[in-house]
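Reading the sequence shown from the start, the letters are residues 554 to 804 in the working numbering.
Built from N, CA and C at the ideal position, the CB exists for glycine as well.
Because the structure is a prediction, the values reported are computed rather than measured.
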Amino acid sequence: APVLADYAAYAARRAREQPAAPRPPLVSVVTVVLNAAATIERTIRSVQAQRRPEIEHVFVDGGSTDGTLAIIRRMLRARAATLLALFAQAGIATMVSKGGVLGAAYYGDLGLRPMNDFDVLVPRGHALDAIRLLLGAGWVSTQPMAEMLPDAYHSTCFQSPDRLDFDLHWHLLPESCFADAEGPAWQAAEPYSVDDVTTQAPCATDLLVIVCAHAAHWSPVSPARWVADALVILRRATERRFRCRSSTTRI
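Here's what the structure looks like:
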């Protein structure tokens with residue numbers, strides 16, 4: 554079976570043989586905010602309305618306490634909800650993971666949990682369909698030749714024209730890229746909704762394992778937030794939720 558090294562070698566060869574068309578220069582709009590809940594949504598929509606194809610919106614928050622960060626993350630959730638609805642229309646099941654479920658379901662406040670992207674799992678058998686759906690909707694994979702990735706890796710990141718990140722998974726973890734690795738997770742998943750779009754979320758046990766696995770990985774960003782996530786899951790989850798069987802105990 555193909556592995557990630559095979560994909561990387563093939564992608565590099567294709568890049569030499571068929572160089573990608575140059576992308577327009579990226580324009581970064583930096584918004585410095587402090588307690589701007591009354592105006593931040595209007596600012597975001599103004600930037601999103603720009604017609605330039607390569608633009609990103611960066612926020613520098615000075616410690617807002619009025620819900621500014623929650624508004625920013627709520628707008629990210631709204632964009633993700635649009636994609637979840639597209640998947641549902643195409644008959645593709647989805648499961649929201651990590652920050653997409655932690656902020657609302659466990660922290661109880663979107664502003665308390667940092668989130669730069671939105672993670673969604675689809676069944677391995679529908680990975681290619683999901684990739685093609687995102688490409689057709691105008692999202693761009695950050696990895697070349699995304700349609701090859703389901704045979705080599707566990708996920709890929711897609712970006713919208715205004716540089717919002719959406720992480721599409723067909724396996725929950727890179728360590729569990731084997732057949733039916735997520736079968737028990739799908740069976741134990743709980744109903745969840747994002748802006749009234751029906752989806753699913755991992756049960757507390759699976760979510761805790763996912764968080765701990767990410768904390769164990771080396772990263773240039775401090776893993777301290779994963780410790781906070783684990784504590785919140787342990788404190789908020791009910792005994793009923795912890796009775797579910799974890800799908801990642803085999804890794």
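For residue i, count the other beta carbons within 10 Å of its own beta carbon; 16 or more makes it buried, fewer makes it exposed. Which is it?
{"i": "Arg-605", "result": "exposed"}
{"i": "Phe-731", "result": "exposed"}
{"i": "His-707", "result": "buried"}
{"i": "Arg-630", "result": "buried"}
{"i": "Ala-690", "result": "exposed"}
{"i": "Leu-686", "result": "buried"}
{"i": "Trp-771", "result": "exposed"}
{"i": "Thr-695", "result": "exposed"}
{"i": "Val-762", "result": "buried"}
{"i": "Arg-803", "result": "Bear in mind that a pLDDT of 44 at Arg-803, under 50, signals an unreliable position, so the model cannot answer this."}
{"i": "Arg-598", "result": "exposed"}
{"i": "Phe-640", "result": "buried"}
{"i": "Leu-702", "result": "buried"}
{"i": "Leu-787", "result": "exposed"}
{"i": "Leu-636", "result": "buried"}
{"i": "Ala-602", "result": "exposed"}
For residue i versus residue j, is the C-beta spacing smaller than 8 Å?
{"i": "Glu-728", "j": "Leu-674", "result": "no"}
{"i": "Asp-759", "j": "Ala-738", "result": "yes"}
{"i": "Asp-672", "j": "Gly-653", "result": "yes"}
{"i": "Ser-617", "j": "Val-586", "result": "yes"}
{"i": "Ala-768", "j": "Val-780", "result": "yes"}
{"i": "Glu-607", "j": "Pro-578", "result": "yes"}
{"i": "Asp-619", "j": "Ala-590", "result": "yes"}
{"i": "Ala-633", "j": "Phe-719", "result": "yes"}
What whole-angstrom Cβ distance do residue i and residue j have, given they're in contact under 8 Å?
{"i": "Met-648", "j": "Thr-584", "result": "About 32 Å separates the two Cβ atoms, so there is no contact after all."}
{"i": "Ser-650", "j": "Pro-755", "result": "6 Å"}
{"i": "Leu-721", "j": "Thr-709", "result": "6 Å"}
{"i": "Arg-778", "j": "Tyr-659", "result": "Contact doesn't hold; Cβ gap of about 13 Å is too wide."}
{"i": "Arg-716", "j": "Gly-664", "result": "Their Cβ separation, rounded to whole angstroms, is 21 Å, which puts Arg-716 and Gly-664 out of contact at 8 Å."}
{"i": "Met-668", "j": "Gly-656", "result": "6 Å"}
Using alpha carbons as the reference points, say which of the options lies closest to residue i.
{"i": "Ala-638", "options": "Leu-629, Val-747, Ala-741, Val-785", "result": "Val-747"}
{"i": "Leu-622", "options": "Gly-644, Ile-645, Asp-662", "result": "Asp-662"}
{"i": "Trp-723", "options": "Pro-676, Arg-627, Asp-782", "result": "Pro-676"}
{"i": "Ala-783", "options": "Ala-757, Val-600, Ile-593", "result": "Ala-757"}
{"i": "Val-693", "options": "Tyr-745, Glu-594, Pro-714", "result": "Pro-714"}
{"i": "Ala-680", "options": "Ala-646, Gln-603, Gln-642", "result": "Ala-646"}
{"i": "Val-785", "options": "Val-774, Pro-773, Val-764", "result": "Val-764"}
Locate the alpha helix (DSSP H) running through residue i, then write down its first and last residues.
{"i": "Cys-765", "result": "757–769"}
{"i": "Ala-642", "result": "With the sequence shown as reference, residue 642 is identified as Gln, and Ala is not the correct amino acid for it. Segment 621–642, the alpha helix (DSSP H) holding Gln-642."}
{"i": "Cys-785", "result": "Sequence check: residue 785 is Val here, not Cys. Taken as a continuous stretch (DSSP letters only), the alpha helix (DSSP H) holding Val-785 covers 777–789."}
Taking the continuous beta strand (DSSP E) assigned at residue i, which residues delimit it?
{"i": "Asp-670", "result": "670–674"}
{"i": "Ile-645", "result": "From DSSP, Ile-645 is part of no beta strand (DSSP E); its letter is neither H nor E."}
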